[in-house]
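>
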Amino acid sequence: MRATKATPKGANPLEPLLLIPGPTPVPPAVREALAQPLIGHRGPAFVELYRRVTRRLKPLFGTEQEVLIFPGSGTGAMEAAVVNLFSPGDRVIVLVAGAFGERFAAIAEAFGLAVDRLEAPWGQVVPPERLRERLLTYPPGEVRGVFITHNETSTGALSPLEELVRVARQESGALVVVDSVSGLGGTPVAMDRLGIDCVVTASQKCLMSPPGLALLALSPSAWQATERARLPRSYWDVQEARRFGEQGETPYTPAVSLWFALDRALDLIEAEGLEQVYARHRRMGAMVRAGGRALGLEVLAPEAHASPTVTCLLLPEGLDAGAVRRALRARGVEVAGGQGALKSRAIRIAHMGAIQPEHLLQGLLALGEVLRDQGLAVSPEEAVAAAEAAQAE
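With the numbering used here, letter number 11 in the sequence shown gets 3, and the count goes up by one each step, no holes.
1. Beta-carbon within less than 6 angstroms of GLY2's beta-carbon, same chain only, minus the 5 sequence neighbours each way: which residues are those?
2. If you draw a straight line from the C-alpha of LEU223 to the C-alpha of VAL138, how long is it?
3. Let me know the secondary structure DSSP gives ILE347 once reduced to three states.
4. Expressed to the nearest angstrom, what Euclidean distance is found between the alpha-carbon atoms of PRO63 and PRO203?
5. Between the region 183 to 191 and the region 100 to 115, do three or more beta carbon pairs fall short of 8 angstroms?
6. Here's the rule: buried if 16 or more other CB atoms are within 10 angstroms of the residue's CB, otherwise exposed. What is GLY81?
7. Three or more beta-carbon pairs under 8 angstroms between the region 224 to 243 and the region 68 to 75, yes or no?
8. Is it right to say THR16 is buried, meaning 16 or more other beta carbons lie within 10 angstroms of its own, or is it exposed?
9. Should ILE12 be labelled buried (16 or more other beta-carbon atoms within 10 Å of its own) or exposed?
10. With 16 other CB atoms within 10 Å as the buried threshold, where does ALA(-5) fall?
11. Looking at the unbroken beta strand (DSSP E) that takes in GLU405, where does it start and where does it end?
12. Report all residues from its chain with a CB closer than 8 angstroms to the CB of PRO180; omit the five preceding and five following residues, and keep chain order.
13. For LYS(-3), which residues in the same chain have their Cβ closer than 6 angstroms to its Cβ, ignoring the five residues on either side in sequence?
14. State the start and end residues of the unbroken alpha helix (DSSP H) segment that holds GLY237.
15. With DSSP as the reference, label LEU311 as helix, strand or coil.
16. Apart from the five residues on each side of it in sequence, which residues of its chain come closer than 8 angstroms, Cβ to Cβ, to ARG281?
17. Do you know whose CA, among PRO152, LEU289, GLU121, lies nearest SER371's CA?
18. Can you look up ALA319 in the DSSP assignment and give me helix, strand or coil?
19. Quick check on DSSP: helix, strand or coil for GLY360?
20. Below 8 angstroms on the Cβ atoms is my contact criterion, and I expect TRP114 with ALA89 to pass it. Report the Cβ-Cβ distance as a whole number of Å.
21. Given GLU111, which residues of its chain have a CB within under 6 angstroms of its CB, disregarding the five upstream and five downstream residues?
22. Where does ALA298 fall in DSSP's three states?
23. Sort ALA293, THR46, LEU250 by Cα distance to ALA233 and report the nearest one.
24. How is the beta strand (DSSP E) around ARG337 delimited, first residue to last?
25. Alpha carbons only, please: which of ALA293, GLN116, SER195 is nearest the one belonging to PHE252?
26. Would VAL59 pass as a contact of VAL84 if the rule is Cβ separation under 7 angstroms?
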């Protein structure tokens, strides 16, 4: 599809075109599922729904372990990992290269863990050898957890997950906890194969569902750790959730309509095929990076670690990200701003979940028109052509 002008508002089924990294567009079939009549959460219909949804989530996590679903956000799932696996004073290393690595560190500190931040500049990733070096500074057994942000939503950088987990396994007996809130469903996780102990995610990003479901899975070692953990937990008690889950139920009232939505979203993922879903996300990431560069914008993350689900683009000096976003919004296109120090000079474009290549062409065309209106010598059509060429590679 070659776009020649920005699509008029209302012409696209995803209008306003939502290109932010959560919540992401919800397909019509998923919206329809939300409107189903409610069912009793202690009856056989919900038991069937529970078992079907949790079973079908396992390939996305790359696990044969139980997948638990709580009412909540991705941040809630992060807190659940902390309070169920650790005790006050436990030493943990948290990899921080963006806002959400920092969030994991802040949650751990709030619950009294001894947090060692292993930092990298925003846009970069923590190299596996730096993790090795840091682990080796501690006596054997002292580090109880290693926290990894799989896909840093604030920067568009994808961590070398396999290599980082391998180092953690080689150099420590620490539990490996992975935040894949903006990765799972858009890029492989392979929890069991890699030896990850806990993966957390949420419903509103690659899973094409509304916000409101916090998902996590634990390894056998992590389940053993829940027996020793001494942090207070009630709402996020995974042992209680597992006990109820064995009967196809939840400890308290679930967000039934969101379960309907996620069930339908999994239908769509299965119909496309998981490997095809991952390939589409990789192509779309390449499209946005190529289109952004054609507009003279810098991609924050290096190509070797570029995320397949979200891209952070740096604007030229003198151009305000807020003004660019407002102009795009007036054209029916919503993108995210930068976070932290990047707030005024970066925009983030999501390419995850229900987003399709044609939506990105529309978004890039609109972005090019906005930049041209703001005085930059750019060609929106060349940005579209560059994105199309990247899609074809």
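We put the CB at the ideal spot given by N, CA and C, even for glycine.
By the coordinates alone:
1. Here residue 2 refers to the residue found at position 10 of the sequence shown. Residue confidence is low: GLY2 scores 35 on pLDDT, short of 50, so the model does not pin down where it sits. No coordinate-derived value is stated.
2. Within the sequence shown, residue 223 is the residue found at index 231, counting from 1. Within the sequence shown, residue 138 is the residue found at index 146, counting from 1. About 17 angstroms.
3. Looking up residue 347 in the sequence shown gives position 355. Residue state, collapsed to three classes: coil.
4. For the purposes of this step, residue 63 is taken as residue 71 along the sequence shown, with counting starting at 1. For the purposes of this step, residue 203 is taken as residue 211 along the sequence shown, with counting starting at 1. Using only the alpha carbons, I get a separation of about 9 angstroms.
5. no
6. Your numbering for residue 81 matches position 89 in the sequence shown. Classification of GLY81: exposed, given that the 10 Å Cβ count is below 16.
7. Counting Cβ pairs under 8 angstroms, three or more are found: they touch.
8. Numbered from 1 along the sequence shown, position 24 holds the residue referred to as residue 16. With 16 or more Cβ atoms within 10 Å of its Cβ, THR16 is classed as buried.
9. Counting from 1 along the sequence shown, the entry for residue 12 is found at position 20. Label assigned to ILE12: buried.
10. The residue labelled residue -5 in the question sits at position 3 within the sequence shown. Confidence at ALA(-5) is low in this model, with a pLDDT of 39, below 50, so its placement is unreliable and no value can be given for it.
11. Because the chain here runs from -7 to 385, residue 405 falls outside it and cannot be looked at.
12. Position 188 of the sequence shown, counted from the start, is the residue given in the question as residue 180. Correct list, in chain order: GLY54, TYR270.
13. Looking up residue -3 in the sequence shown gives position 5. Any reading at LYS(-3) must be qualified, since the residue scores a pLDDT of 46, below 50, and its modelled position is unreliable; no value is offered.
14. One-based indexing of the sequence shown puts residue 237 at position 245. Where GLY237 is concerned, the enclosing alpha helix (DSSP H) stretches over 230 to 237.
15. By 1-based counting over the sequence shown, the position of residue 311 is 319. Reduced to three states, the DSSP call for LEU311 is coil.
16. Residue numbering aside, residue 281 sits at position 289 when the sequence shown is read from its first letter. Leaving aside the five residues that flank ARG281 on each side, the residues in its chain whose CB is nearer than 8 angstroms to its CB run, in chain order, VAL291, GLU295, ALA298, THR303, ALA382.
17. Locating residue 371 in the sequence shown gives position 379, where the first residue counts as 1. Among PRO152, LEU289, GLU121, the Cα nearest to that of SER371 is on LEU289.
18. Against the sequence shown, residue 319 aligns to sequence position 327. Helix, per DSSP.
19. What you label residue 360 is simply residue 368 of the sequence shown in a count that begins at 1. GLY360 falls in the helix class under three-state DSSP.
20. The sequence position of residue 114 within the sequence shown is 122, counting from 1. The sequence position of residue 89 within the sequence shown is 97, counting from 1. Confirmed, about 6 angstroms.
21. Taking the first residue of the sequence shown as position 1, residue 111 is located at position 119. Answer for GLU111: VAL88, listed in chain order.
22. By one-based count along the sequence shown, residue 298 stands at place 306. The answer is strand: DSSP assigns ALA298 an E or B state.
23. Here residue 233 corresponds to residue number 241 of the sequence shown, with the count starting at 1. Answer by Cα proximity: THR46.
24. For the purposes of this step, residue 337 is taken as residue 345 along the sequence shown, with counting starting at 1. For ARG337, there is no enclosing beta strand (DSSP E), as DSSP marks it with neither H nor E.
25. Start at 1 with the first residue of the sequence shown, and residue 252 comes out as number 260. Answer by Cα proximity: SER195.
26. Taking the first residue of the sequence shown as 1, we reach residue 59 at position 67. Taking the first residue of the sequence shown as 1, we reach residue 84 at position 92. Not a contact, by the Cβ cut-off of 7 angstroms.
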